[in-house]
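Reading through the structure tokens given below for one structure.
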Amino acid sequence: MTHVVAEPCFNCKFTDCVVVCPCDCFHEGESMLFIDPEKCIDCEACTHECPTGAIFMDINLPDPWKEYQALNAEMVPLCPGICEKKEQK
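If you read the sequence shown in our numbering, its first letter stands for residue 9, the second for the next number, and so on.
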């Protein structure tokens with residue numbers, strides 16, 4: 009299992025979640041963040057820090073956002089990793 013960043017993160021770019029990730033799983037895209045499904049250890053630390061409620065365990069991902077699981081896996085190799093909090097834009 010893994011955690012997935014879904015639609016509520018689109019154009020939000022809060023980075024509170026990245027600083028609590030013990031495995032540096034987050035990657036920063038142009039419009040949102042993504043979680044590396046290969047590195048995620050399901051610790052749930054990020055879910056408690058996300059101010060928009062955009063992070064879900066893959067098995068709890070709401071049906072309208074199921075495609076975000078594949079999108080996270082697809083975008084991780086294309087986006088740089090992020091492990092420090094940034095000012096929200």
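Positions of the beta carbon are idealized from the N, C-alpha and C atoms, including for glycine.
Identity of the residues DSSP links to residue i by a beta bridge
i	result
HIS56	DSSP lists no partner for HIS56.
GLU36	LEU41
GLY89	HIS35
Residue i to residue j span [Cα, whole Å]
i	j	result
ALA40	VAL28	In the sequence under discussion, the amino acid at residue 40 is Met, which differs from the Ala named in the question. If you take the alpha carbons of MET40 and VAL28, they lie about 17 Å apart.
CYS58	CYS25	6 Å
GLU15	ILE67	16 Å
ALA81	PRO45	6 Å
Exposed unless 16 or more other CB atoms sit within 10 angstroms - verdict on residue i
i	result
ILE83	One detail in the question is off: residue 83 reads as Met in this sequence, not Ile. Flag for MET83 reads buried.
ILE63	buried
GLN77	buried
CYS17	buried
HIS56	exposed
For residue i, the three-state DSSP class (helix, strand or coil)
i	result
MET9	coil
ILE67	helix
ALA14	coil
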